[in-house]
Amino acid sequence: MEHKQIVIEFHPIDLDDMRSSLKKEIPEVEIISSNGFSGDEIINVLLYASPFLISKVLNFYIKNKKNTRVAKIKIDKKSIELSGMSTKEIRDLTDNGDLKKIYKIINKKKND
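With the first letter of the sequence shown counted as 1, position 98 gets the number 1163 in our numbering; the numbers rise by one all the way through.
So this is what it looks like as structure tokens:
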């Protein structure tokens, strides 16, 4: 089951700083900022299901983990919580150059 679009959601400590860093480091992704129901400021990074782009965004998250309250990979109505994962576990999600591991995890989950 291949998906055309994946969203990586960040709840940054400093919205403007993270948004400008993302735009500078990964200009090819679409970034949408909003406020969540909890009052958190949210950045959604919209991606085509490209292992290369997803790896770039995940590496950006790894570098900026301390500046992020919550991070998730969202596909349809399911999500993978990145915040509780180790750096190795995050890198392993795309280490073989495809998205099979992400799809395997997401397909085991019930709708959030």
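We treat Cβ as the ideally placed atom computed from N, Cα and C, and that holds for glycine.
Where the alpha helix (DSSP H) containing residue 1056 begins and where it ends: This structure does not reach residue 1056, given that the chain is present from 1066 up to 1177, and the question cannot be answered.
Other residues of its chain near residue 1066: CB distance less than 8 Å, five sequence neighbours each side excluded: A caution first: residue 1066 carries a pLDDT of 48, below 50, which makes its placement in the model too unreliable to give a value.
Boundaries of the alpha helix (DSSP H) in which residue 1090 is found, first to last residue: Per DSSP, the continuous alpha helix (DSSP H) segment holding residue 1090 begins and ends at 1080-1090.
DSSP-derived helix/strand/coil call for residue 1027: Residue 1027 lies beyond the range of the chain shown here (1066 to 1177); nothing can be said about it.
Residue 1109 versus 1122, 1128, 1117 and 1131, residue with shortest Cα-Cα distance: When C-alpha distances from residue 1109 are compared across 1122, 1128, 1117 and 1131, the shortest belongs to 1122.
Beta carbon of residue 1120 nearer than 9 Å to that of residue 1136: With respect to the 9 Å criterion, residue 1120 and residue 1136 are not classified as neighbours on the basis of their beta carbons.
Beta-carbon spacing of residue 1074, residue 1139 below 9 Å: By the CB criterion at 9 Å, residue 1074 and residue 1139 fall inside the cutoff.
Residue 1069 to residue 1112 span [Cα, whole Å]: Their Cα atoms are separated by approximately 8 Å.
Ordered list of beta strand (DSSP E) runs contained in the stretch 1086-1172, each at least 3 residues: Every beta strand (DSSP E) stretch that sits fully inside the stretch 1086-1172 and reaches 3 residues is listed by chain position as 1095-1100, 1106-1113, 1133-1140 and 1143-1146.
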